[in-house]
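**Q**
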Amino acid sequence: MAHHRILTANIEYDDQRQIAAYEKRGGYAALRKALALPPEQVLAEVKLSGLRGRGGAGFSTGMKWGFVPKNSGKPVYLIQNADESEPGTFKDRLLLERDPHLCLEGMIIAAWALGSRWSCIYIRGEYAYPAVCIEQALAEAYARGYLGKNILGSDFSLDIILHRGAGAYICGEETGLIESLEGNPGRPRIKPPFPAVVGLYGCPTVVNNTETLAALPWIINNGAAAYKAIGTDKSPGTKLISASGHVSRPGVYEIDLGYPLLEFLNNECGGIRGGHRLKAVIPGGSSVPVLRADELAGVCLDYESLQAAGSMLGSGGLIVLDETSDMVETALNLQHFYAHESCGQCTPCREGAHWIEKIVKRILAGRGTAADLALIESLCGQIGGHTICPFGDALITPVLSLMAKFPEEFSRLIDQGLDSLVRESYG
Amino acid sequence: MAEQEINAADLVKLTIDGKQVCVPKGTNLIEAALSVGIEIPFYCYHRHLSVAGNCRMCQVEIAGMPKLTIACNTIAVEGMVVRTHHTSPAVVAAQRATLEFLLLNHPLDCTVCDEAGHCKLQDYYYEYSASASRVLEDKVRKVKAQPLGPEVIYDGERCIMCTRCVRFCAEITKTAELAVLERSDRSVIGVHPGKELNNPLSGTVCDLCPVGALTHRRWRFNTRFWYTQESKSICTGCSTGCNARIAVRDEQIVLVRARLNSAVNQEWMCDEGRYGFERFQPCGRLARPVIRSGLELRAVPLEESYAAAANGLRMENDGAAAMLLSPLLTLEEMWLALCFFAELMGGDVQSAWVALQLKRRKLNSVEQLLVSPDLAANAWGLPLLGAGNHGDGDYRTRCEENYLSLLARIRRGEVRRLLLVGDRALLDEDLDIELIDALLAVEQSVAITPRGLLDGESLDAERGLLGAHQLCRIVLPGRTVHEKSGVMVNKDFRLQRLSRLLTPPENSLPEWMHLQGIAQAGGKVLAGGYIGDERLLYAEMAKRCSALAGISLRDIGDLGIALSPQGGRVL
Numbered sequence: 001m002a003h004h005r006i007l008t009a010n011i012e013y014d015d016q017r018q019i020a021a022y023e024k025r026g027g028y029a030a031l032r033k034a035l036a037l038p039p040e041q042v043l044a045e046v047k048l049s050g051l052r053g054r055g056g057a058g059f060s061t062g063m064k065w066g067f068v069p070k071n072s073g074k075p076v077y078l079i080q081n082a083d084e085s086e087p088g089t090f091k092d093r094l095l096l097e098r099d100p101h102l103c104l105e106g107m108i109i110a111a112w113a114l115g116s117r118w119s120c121i122y123i124r125g126e127y128a129y130p131a132v133c134i135e136q137a138l139a140e141a142y143a144r145g146y147l148g149k150n151i152l153g154s155d156f157s158l159d160i161i162l163h164r165g166a167g168a169y170i171c172g173e174e175t176g177l178i179e180s181l182e183g184n185p186g187r188p189r190i191k192p193p194f195p196a197v198v199g200l201y202g203c204p205t206v207v208n209n210t211e212t213l214a215a216l217p218w219i220i221n222n223g224a225a226a227y228k229a230i231g232t233d234k235s236p237g238t239k240l241i242s243a244s245g246h247v248s249r250p251g252v253y254e255i256d257l258g259y260p261l262l263e264f265l266n267n268e269c270g271g272i273r274g275g276h277r278l279k280a281v282i283p284g285g286s287s288v289p290v291l292r293a294d295e296l297a298g299v300c301l302d303y304e305s306l307q308a309a310g311s312m313l314g315s316g317g318l319i320v321l322d323e324t325s326d327m328v329e330t331a332l333n334l335q336h337f338y339a340h341e342s343c344g345q346c347t348p349c350r351e352g353a354h355w356i357e358k359i360v361k362r363i364l365a366g367r368g369t370a371a372d373l374a375l376i377e378s379l380c381g382q383i384g385g386h387t388i389c390p391f392g393d394a395l396i397t398p399v400l401s402l403m404a405k406f407p408e409e410f411s412r413l414i415d416q417g418l419d420s421l422v423r424e425s426y427g
Numbered sequence: 001m002a003e004q005e006i007n008a009a010d011l012v013k014l015t016i017d018g019k020q021v022c023v024p025k026g027t028n029l030i031e032a033a034l035s036v037g038i039e040i041p042f043y044c045y046h047r048h049l050s051v052a053g054n055c056r057m058c059q060v061e062i063a064g065m066p067k068l069t070i071a072c073n074t075i076a077v078e079g080m081v082v083r084t085h086h087t088s089p090a091v092v093a094a095q096r097a098t099l100e101f102l103l104l105n106h107p108l109d110c111t112v113c114d115e116a117g118h119c120k121l122q123d124y125y126y127e128y129s130a131s132a133s134r135v136l137e138d139k140v141r142k143v144k145a146q147p148l149g150p151e152v153i154y155d156g157e158r159c160i161m162c163t164r165c166v167r168f169c170a171e172i173t174k175t176a177e178l179a180v181l182e183r184s185d186r187s188v189i190g191v192h193p194g195k196e197l198n199n200p201l202s203g204t205v206c207d208l209c210p211v212g213a214l215t216h217r218r219w220r221f222n223t224r225f226w227y228t229q230e231s232k233s234i235c236t237g238c239s240t241g242c243n244a245r246i247a248v249r250d251e252q253i254v255l256v257r258a259r260l261n262s263a264v265n266q267e268w269m270c271d272e273g274r275y276g277f278e279r280f281q282p283c284g285r286l287a288r289p290v291i292r293s294g295l296e297l298r299a300v301p302l303e304e305s306y307a308a309a310a311n312g313l314r315m316e317n318d319g320a321a322a323m324l325l326s327p328l329l330t331l332e333e334m335w336l337a338l339c340f341f342a343e344l345m346g347g348d349v350q351s352a353w354v355a356l357q358l359k360r361r362k363l364n365s366v367e368q369l370l371v372s373p374d375l376a377a378n379a380w381g382l383p384l385l386g387a388g389n390h391g392d393g394d395y396r397t398r399c400e401e402n403y404l405s406l407l408a409r410i411r412r413g414e415v416r417r418l419l420l421v422g423d424r425a426l427l428d429e430d431l432d433i434e435l436i437d438a439l440l441a442v443e444q445s446v447a448i449t450p451r452g453l454l455d456g457e458s459l460d461a462e463r464g465l466l467g468a469h470q471l472c473r474i475v476l477p478g479r480t481v482h483e484k485s486g487v488m489v490n491k492d493f494r495l496q497r498l499s500r501l502l503t504p505p506e507n508s509l510p511e512w513m514h515l516q517g518i519a520q521a522g523g524k525v526l527a528g529g530y531i532g533d534e535r536l537l538y539a540e541m542a543k544r545c546s547a548l549a550g551i552s553l554r555d556i557g558d559l560g561i562a563l564s565p566q567g568g569r570v571l
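Residue numbers (the working numbering), protein chains in the order written: chain A, 1 to 427; chain B, 1 to 571.
1. Counting only runs of 3+ residues fully inside the stretch 408-491 of chain B, write out the beta strand (DSSP E) ranges in chain order.
2. Given that residue 175/A touches chain B, what residues does it touch there, using C-beta distances under 9 angstroms?
3. Would you please state the rounded distance, in angstroms, between the beta carbons of residue 434/B and residue 398/B? I believe it to be under 8 angstroms.
4. Run through the DSSP bridge pairs and tell me what residue 136/A is partnered with.
5. Return helix, strand or coil for residue 189/B, following the three-state DSSP convention.
6. Start and end of the alpha helix (DSSP H) containing residue 349/A?
7. Please list the terminal residues of the continuous alpha helix (DSSP H) segment that includes residue 65/B.
8. Between residue 236/A and residue 227/A, is the Cβ-Cβ spacing less than 8 angstroms?
9. Residue 333/B: which of 299/B, 148/B, 538/B sits nearest, CA to CA?
10. Whole angstroms is fine: what's the gap from residue 139/B's alpha carbon to residue 106/B's?
11. Kindly say whether residue 416/A, judged by its beta-carbon, lies nearer than 8 angstroms to any beta-carbon of chain B.
12. Please report the residue range of the alpha helix (DSSP H) in which residue 556/B lies.
13. For residue 375/A, return the contacting residues in chain B, with the cut-off set at a CB-CB distance below 8 angstroms.
14. Helix, strand or coil, according to DSSP, for residue 315/B in the structure here?
15. Please name the residue, chosen from 337/B, 329/B, 239/B, that lies closest to residue 370/B on a Cα-to-Cα basis.
16. Considering Cα atoms alone, identify which of 28/A, 140/A, 7/A, 394/A is closest to residue 288/A.
17. Is residue 38/B helix, strand or coil by DSSP?
18. Quick check on residue 46/A: does DSSP put it in helix, strand or coil?
19. Would residue 342/A count as contacting chain B if we go by Cβ distances under 8 angstroms?
20. Quick check on this structure: which residue in 200/A, 39/A, 70/A, 406/A has the alpha carbon closest to the alpha carbon of residue 110/A?
21. Ignoring anything shorter than 3 residues, give me the beta strand (DSSP E) runs that lie fully in the stretch 325-392 of chain B, in order along the chain.
22. Measure from the C-beta of residue 190/A to each C-beta in chain B and report whether the shortest distance is under 8 angstroms.
23. Hey, is residue 345/A's beta-carbon within less than 8 angstroms of any beta-carbon in chain B?
24. Please report the Cβ distance between residue 326/A and residue 278/A, rounded to the nearest whole angstrom; I am assuming they are in contact, meaning their Cβ atoms lie under 8 angstroms.
25. With respect to the beta strand (DSSP E) encompassing residue 11/B, which residues constitute its N-terminal and C-terminal limits?
26. Could you please give the first and the last residue of the uninterrupted beta strand (DSSP E) stretch that includes residue 244/B?
27. Rounded to whole angstroms, what's the CA-CA distance from residue 542/B to residue 552/B? Just pull it up for me.
28. Of the residues 17/B, 37/B, 50/B, 102/B, which one's Cα is nearest the Cα of residue 62/B?
29. Label residue 365/A either buried or exposed according to how many other C-beta atoms from any shown protein chain fall within 10 Å of its C-beta, with 16 as the threshold for buried.
30. Give me the DSSP bridge partner(s) of residue 301/B.
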């Protein structure tokens with residue numbers, strides 16, 4: 001199956017980072033086109049395209065923009081969320097490094113549609129090289145008049161500021177990001193109010209993922225209908241999938257949404273690494289439920305199909321596990337990540353994340369008890385839905401789904417552990 | 001809120017646990033529930049701080065919402081149907097879960113914790129959890145006994161990270177010394193590098209702390225809370241009249257906490273007032289009435305002193321009469337003193353011959369949030385009683401000028417009969433050689449004061465002066481502001497109740513009893529007959545004083561009531 005190349009059309013060219021080459025390949029034509037349209041029409045076009053947020057939640061981008069109050073008298077801020085930190089996700093990095101002007105052009109179009117005069121790219125602290133690429137691209141764009149005062153001779157002016165994070169996962173959550181951008185520790189805000197109304201410095205703010213914004217130039221160039229024709233009805237367009245783990249060819253792939261998962265693994269990723277069998281897949285970054293190999297038949301890479309299968313497309317961070325993977329160890333690995341990254345603001349997540357990690361660690365050390373599995377389940381119920389931000393839901397998902405899908409691996413450890421304890425005690 | 005008129009259009013109706021609730025628009029669910037007597041538990045919420053929403057204790061179920069919602073961050077809207085722990089099993093489970101998490105790493109050192117007995121972690125555990133621990137893991141260790149500033153000490157393990165202290169310093173004092181350091185379960189409260197928690201309201205963070213994490217350095221490990229007697233009263237440090245709870249054990253003030261009163265001090269208190277409660281208790285006390293002849297002091301029985309005082313002060317004597325009132329007197333005492341001045345001394349209470357000490361002082365910007373620029377708790381009681389109203393300018397200026405001009409009259413020898421009522425009626429700092437001589441020269445002078453003097457010895461310049469009262473002919477042993485109850489009026493004309501905290505020493509009598517005694521000895525009756533009880537005294541004053549017409553002690557209650565500057569309730 002031939003896939004559309006909307007985001008990665010020019011990703012192979014090494015000179016794509018330079019503005020001249022970018023322009024030569026049709027770059028910034030969409031911006032010229034968009035600036036000739038009234039902002040409302042750009043917004044309508046994006047709404048019509050059915051583009052959904054690529055950061056993980058999959059919320060309609062056009063609808064999100066629609067929440068910004070008109071004529072609030074306050075500036076509107078647009079933030080490009082390039083704080084890509086979800087384990088297993090490395091798709092934005094490709095765009096930022098290889099085609100930074102695409103990320104900028106999409107952002108300028110979005111700023112025009114939203115009436116934002118001041119925008120910001122919040123980039124993950126560890127993304128030092130992508131930050132350099134963006135910085136160079138910004139300088140070039142300013143020099144060519146795509147940014148700054150009176151862009152391309154229009155009334156529209158826009159400044160984009162690049163802000164590097166300090167390395168906290170939670171700063172990818174939009175209100176955590178806003179707090180961080182304001183100079184505070186990255187602790188998410190309580191909602192309501194939502195950022196679209198009260199965001200950065202108390203002003204209406206839209207936070208969009210890099211991949212989402214990068215899709216805008218193509219939509220403007222080719223029209224919403226053309227975009228909507230790609231993919232499935234509920235998941236239009238293409239999506240970057242970052243495949244990692246036990247596949248032969250890990251990497252970032254652009255696919256039309258609706259592509260069967262197994263086909264993707266075999267055709268694009270070259271199948272499971274030498275001589276091994278597929279055991280499980282975490283399809284959308286570490287925060288989505290795991291799927292066993294036997295559950296993957298007929299599952300497609302799109303929002304609705306994965307949801308029906310009991311998981312999520314999320315950020316498109318596809319983690320592939322073969323039969324050599326120990327699922328309790330996997331659970332501990334992920335749980336350690338979440339316990340470390342909890343911001344510590346609200347009670348259930350601050351206390352619960354570590355507790356679960358400690359219990360899993362104990363099970364792995366052969367000191368688990370039969371009551372532990374029920375305890376973890378109960379704790380997850382006490383955390384999920386009871387926290388300020390979605391981190392609480394994210395942290396319980398891997399362990400819960402691993403326990404549900406691979407119960408025998410957990411109980412075997414517990415039984416073995418008990419045996420060895422009995423042997424230790426009674427010889 | 002209850003004192004404001006509210007339009008029906010500004011109200012919303014909702015249902016909480018099946019009860020109909022009607023609250024002003026913009027009210028959150030915690031306050032809305034409270035208005036019908038439903039208590040939603042919380043740790044991080046505070047009426048006068050921003051909403052943090054981090055403790056997750058106040059979760060409620062709202063019809064139509066997929067998840068539980070925190071009540072503190074939910075504004076009541078028309079038709080909302082809310083279920084609290086009284087009717088929702090999901091809320092009960094969520095509260096139990098929250099408490100399990102909060103207690104997970106809590107050291108459970110209640111046996112040595114000052115908060116034990118008034119700790120919200122204890123209270124809520126008994127009320128909303130009372131389930132056994134499921135923890136097999138080790139607890140997280142954090143900083144212990146970490147001083148944050150001169151007055152406050154921090155225990156990281158007890159802390160539940162509600163951030164009330166951080167928000168108080170950021171939003172109220174705007175000094176922002178505190179912050180949450182680290183992340184996840186390593187989070188602790190700390191001061192920013194190079195800073196310490198030393199703002200003038202710093203002790204307030206201990207009140208705001210719902211657990212034993214922040215304690216007063218000077219008061220910790222003093223006593224178990226349940227051995228104390230706690231009274232609701234007001235701070236008499238200045239004319240703000242902060243509402244407070246004062247815990248006393250064995251006649252020692254062992255803990256002072258601010259009391260929530262949105263109309264006065266929210267729930268804040270200044271360190272000077274809080275830690276300075278003891279300053280109203282003088283070291284030495286007068287054991288018996290004393291009469292001075294020349295420089296010799298002689299202790300006399302009460303009856304003899306009353307007879308001498310009545311004889312000296314009565315209006316039949318020649319010369320001008322003057323009275324200096326302490327701003328620490330209760331309103332009842334001021335009223336009775338004015339009656340005394342008119343009835344026995346034949347003076348005019350509206351004249352400039354009655355003065356009240358209201359010394360101005362400088363305050364820094366943080367102090368100005370709460371503290372009034374004076375040391376005169378009840379100074380605004382006097383104009384309410386129809387005195388102290390002459391002169392120009394605002395009351396503060398008039399009062400100050402009047403006091404100084406009366407001192408000038410004493411210096412010039414114009415005053416022949418002088419009555420000093422209460423502690424600090426005449427400030428020590430105003431005593432210079434000239435004034436000392438002038439006071440000694442006043443023919444008839446009587447002081448009623450809680451302060452001591454060298455009993456039975458002569459006045460000796462080398463021993464130093466203990467106060468102006470020592471220069472009077474007759475000194476009667478009065479009581480301090482902590483040893484009497486009554487009412488006071490703060491600078492906003494709010495009438496508030498003062499409670500007796502400490503047992504007065506033997507032989508001392510409150511100022512108002514002495515005044516009645518002297519009047520009786522002089523053949524006069526004040527207030528229609530001899531009154532033996534503070535409550536009856538208030539009732540008598542309220543009956544005779546138009547400013548207080550129809551206001552009973554019960555009306556004043558714990559939170560006081562607002563009066564207009566002319567007297568009478570603000571409607």
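Every residue, glycine too, gets a C-beta built ideally from N, C-alpha and C.
**A** Well, looking at it:
1. 415-421, 444-449, 474-477, 486-489, all fully within the stretch 408-491 of chain B.
2. Ordered by position in chain B, no residue passes the 9 angstroms Cβ test against residue 175/A, which lies about 12 angstroms from the chain.
3. Cβ atoms of residue 434/B and residue 398/B stay farther apart than 8 angstroms, at about 24 angstroms.
4. None; residue 136/A has no bridge partner.
5. Note: residue 189/B maps to strand in three-state DSSP.
6. Taken as a continuous stretch (DSSP letters only), the alpha helix (DSSP H) holding residue 349/A covers 347-364.
7. The continuous stretches of alpha helix (DSSP H) do not include residue 65/B, and DSSP gives it neither H nor E.
8. Using a Cβ distance threshold of 8 angstroms, residue 236/A and residue 227/A count as a contacting pair.
9. Residue 333/B has its Cα closest to that of 538/B, out of 299/B, 148/B, 538/B.
10. Taking the straight line from one Cα to the other gives about 8 angstroms.
11. Not closer than 8 angstroms to any Cβ of chain B, the Cβ of residue 416/A fails to qualify, so no.
12. DSSP places residue 556/B inside the alpha helix (DSSP H), whose first and last residues are 553-556.
13. By Cβ distance, chain B contributes 134.
14. The three-state reading of DSSP puts residue 315/B in coil, since its state is none of H, G, I, E or B.
15. Of the candidates 337/B, 329/B, 239/B, the one whose C-alpha sits nearest the C-alpha of residue 370/B is 239/B.
16. The candidate whose alpha carbon is nearest that of residue 288/A is 394/A.
17. DSSP places residue 38/B in coil when its eight states are reduced to three.
18. When DSSP states are grouped into helix, strand and coil, residue 46/A belongs to the helix group.
19. Put simply, the CB of residue 342/A is near chain B, with a gap under 8 angstroms to one of its CB atoms.
20. Taking only the C-alpha atoms, the option nearest residue 110/A is 39/A.
21. Entirely contained in the stretch 325-392 of chain B, the beta strand (DSSP E) runs reaching 3 residues are, in chain order, 354-356.
22. Under the 8 angstroms criterion on CB atoms, residue 190/A is classed as interfacial with respect to chain B.
23. Chain B places a beta carbon closer than 8 angstroms to that of residue 345/A, counting this residue as a contact.
24. The beta-carbon distance between residue 326/A and residue 278/A, rounded to whole angstroms, is 16 angstroms. This is too long to meet the 8 angstroms contact definition.
25. Per DSSP, residue 11/B belongs to the beta strand (DSSP E) from 11-16.
26. Element bounds for residue 244/B: 243-249.
27. Residue 542/B and residue 552/B: Cα-Cα distance of roughly 7 angstroms.
28. Ranking the options by Cα distance to residue 62/B, first place goes to 17/B.
29. The residue is exposed, with fewer than 16 neighbouring Cβ atoms inside 10 Å.
30. Answer is none; residue 301/B lacks a bridge partner.
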